[in-house]
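In UniProt numbering, the protein residues as written are 1 to 127.
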């Protein structure tokens, strides 16, 4: 799991030796974040195939698969993400928090061997 939560860490992300598909998506998104003046208001998290729900909860404080005690897969589950995109090899899930412009952006690897299969299923259903 990679976590970029401020200007310095977002800039550092641009220098990391990552897979080409992730590098391209990260560069595009980070440049957009800076160009829109949102670098101080964005937490960008890269969730790779081996990452778990517990790891994500620890990093951002919640799981996108649960809302007020209702889990993804339940007929009463309502997704709370604001934006969902499917890019080649990655899903992008965005949560806008409050009215300040703060957002949590999750880049989720689209992998068959994911340690977090329910997240993969939610992404496929929501994109």
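Ideal Cβ positions, reconstructed from N, Cα and C, are used throughout, including at glycine.
Assumed close pair residue i, residue j - CB separation to whole angstroms, cut-off 8 Å
i: residue 116; j: residue 59; result: That belief does not hold up - the Cβ atoms of residue 116 and residue 59 are roughly 13 Å apart, past 8 Å.
i: residue 101; j: residue 10; result: In fact, because the Cβ distance is near 15 Å, the residues do not count as touching under 8 Å.
i: residue 128; j: residue 95; result: Any answer about residue 128 is impossible in this case: the structure gives the chain only from 1 up to 127.
i: residue 119; j: residue 64; result: 7 Å
i: residue 106; j: residue 33; result: With a Cβ gap of about 14 Å, residue 106 and residue 33 do not count as contacting.
i: residue 40; j: residue 6; result: 7 Å
CB of residue i within 8 Å of CB of residue j, strictly
i: residue 4; j: residue 44; result: yes
i: residue 93; j: residue 51; result: no
i: residue 104; j: residue 123; result: no
i: residue 126; j: residue 75; result: no
i: residue 111; j: residue 49; result: yes
Any C-beta of chain B under 8 Å from that of residue i
i: residue 61; result: The displayed structure is made up of one protein chain only, and chain B is not part of it.
Per DSSP, cross-strand counterpart(s) of residue i
i: residue 97; result: 102
i: residue 3; result: 45
i: residue 107; result: 46, 92
i: residue 12; result: Residue 12 is not bridged to any residue.
To test your reading of the DSSP string, which unbroken alpha helix (DSSP H) runs of 4 or more residues are found completely within the region 21 to 72?
53 to 60
Contact between the region 66 to 83 and the region 23 to 39 is defined here as three or more beta-carbon pairs at a separation below 8 Å; is this criterion met?
no
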